[in-house]
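Keeping their order, the protein sequence lines are chains G and A. So the first sequence is numbered by my numbering: it starts at 1 and just counts up by one. So the second sequence is numbered by my numbering: it starts at 126 and just counts up by one. All C-beta atoms in this analysis are idealised placements derived from N, C-alpha and C, irrespective of residue type, glycine included. Taking it in order: structure first as structure tokens, then the write-up.
Number of protein chains: 2
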Amino acid sequence: MLARAARRIIEAERPLLEAHGVSMWAYAALTLLARGSAPTQLALAEAMGYDKSRLIKILDGLEAEGLITRSPDPTDRRARVVELTAQGRAKLAAAQADIRRMEDEVLAELSADERKTLLAVLPRL
Amino acid sequence: MLARAARRIIEAERPLLEAHGVSMWAYAALTLLARGSAPTQLALAEAMGYDKSRLIKILDGLEAEGLITRSPDPTDRRARVVELTAQGRAKLAAAQADIRRMEDEVLAELSADERKTLLAVLPRL
DNA sequence: TATTGTTATACTCTATAACTATA
DNA sequence: TATAGTTATAGAGTATAACAATA
């Protein structure tokens, strides 16, 4: 049931993200970067539950579009600090607005109590 | 959040299913066949949200292991009726028991009310 | 002509191991 | 020697179209 619900949401997200020209994983990366809790590529990959080697081409694309910057970490020159640009923040905000709208439509199928419980429970699973 | 929760459950399922020698999609097929609501291969594929051409090798495997039978539909000789064998039912029951145990452990993290609401809400999403 | 099951093929996604540069 | 980022490659998963048999 979880997988089915997740697939439904992902399918609903796909056209919205495509309209903004970002893939699902790119969107996930932007979202986590906006939180600022994953400064380095490895930390970001782990936070996303993604592989560091697969993350590279995602970041390559985002960097080429000017949505993020990669700069060497002064305290450890092996590592690279990934940061959102102003464009990146704008793109994320625009995409998030569309997705929130879609999510609100889906959640409207539930009662207020159900919505509350679902949103409280999901992060704990 | 949905995708993350679904992934967690799927990861927890993987070793259990492997111990029984069935893949995730094979398990899904067995589960739907047990309900008897998807008699033909096409109906089964649609019920699983899977592609009919990908389903073939799943069924090939299940048939080779003696867990299902494929027989021509007398009313439409293009179609094949897929049915669980006694072995198939036994295999499914054994796997389901392990998975239910795992699910109970996960759900034990929630309160009774939360469990009830979650299980009522998920099928509707 | 359309549909069921099947096969083949191309394409994407994923996992793994190696390489570099730093530590 | 170990780690962060990168690259390359092989394998699994997926999508698509074509085909034979039947409707």
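Contact between A:Ala128 and G:Ala47 does not hold, since their C-beta atoms are separated by about 14 Å, which reaches or exceeds 8 Å. For A:Leu155, the closest Cβ of chain G is not nearer than 9 Å. Contact annotation: A:Leu158 and A:Val231 have beta-carbon atoms that are not nearer than 9 Å. Taken through DSSP and simplified to helix, strand or coil, A:Pro140 comes out as helix.
Taken through DSSP and simplified to helix, strand or coil, G:Ala38 comes out as coil.
Not flagged as an interface residue toward chain A: G:Val22, since no C-beta distance is shorter than 9 Å. By the Cβ rule, the segment 24 to 43 of chain G counts as touching the segment 56 to 75 of chain G, because three or more pairs are nearer than 8 Å. Closer than 9 Å to the CB of G:Ile56 there is not a single CB belonging to chain A. The residues Gly191, Leu192, in chain order, have a CB closer than 6 Å to that of A:Gln212 in the same chain once the five nearest residues on each side in sequence are set aside. Interface annotation, G:Met1: in contact with chain A, CB-CB separation under 9 Å.
Around A:Lys216, the same chain offers Leu192 as residues with beta carbons nearer than 6 Å, after the five sequence neighbours per side are excluded.
Spanning the alpha carbons of A:Thr194 and A:Asp176 requires a straight line of approximately 20 Å.
By the criterion of a C-beta distance shorter than 6 Å, A:Arg240 is surrounded in its chain by Leu232, once the five residues flanking it on both sides are discounted. Each residue's CA atom was taken as its position, placing A:Asp223 and A:Thr210 some 20 Å apart.
Within the same chain, Cβ atoms closer than 7 Å to the Cβ of G:Asp73 are found at Thr40, Ala79, Arg80, Val81, the five residues on either side in sequence being excluded.
Spatial neighbours of G:Gln96 in its own chain (CB-CB distance under 7 Å, excluding positions within 5 residues in sequence) are not present. With respect to A:Leu250, G:Ile9 sits close: the two C-beta atoms are nearer than 9 Å. Beta-bridge annotation (DSSP): A:Val207 is paired with A:Arg195.
Here DSSP, grouped into helix, strand and coil, assigns G:Asp76 to strand. Cβ-Cβ separation between A:Val246 and G:Leu118: approximately 5 Å, consistent with a contact (criterion under 8 Å). Classified as buried, A:Ala170 has 16 or more neighbouring CB atoms from the shown chains inside 10 Å of its CB. Here A:Met173 carries a helix assignment [DSSP, helix/strand/coil].
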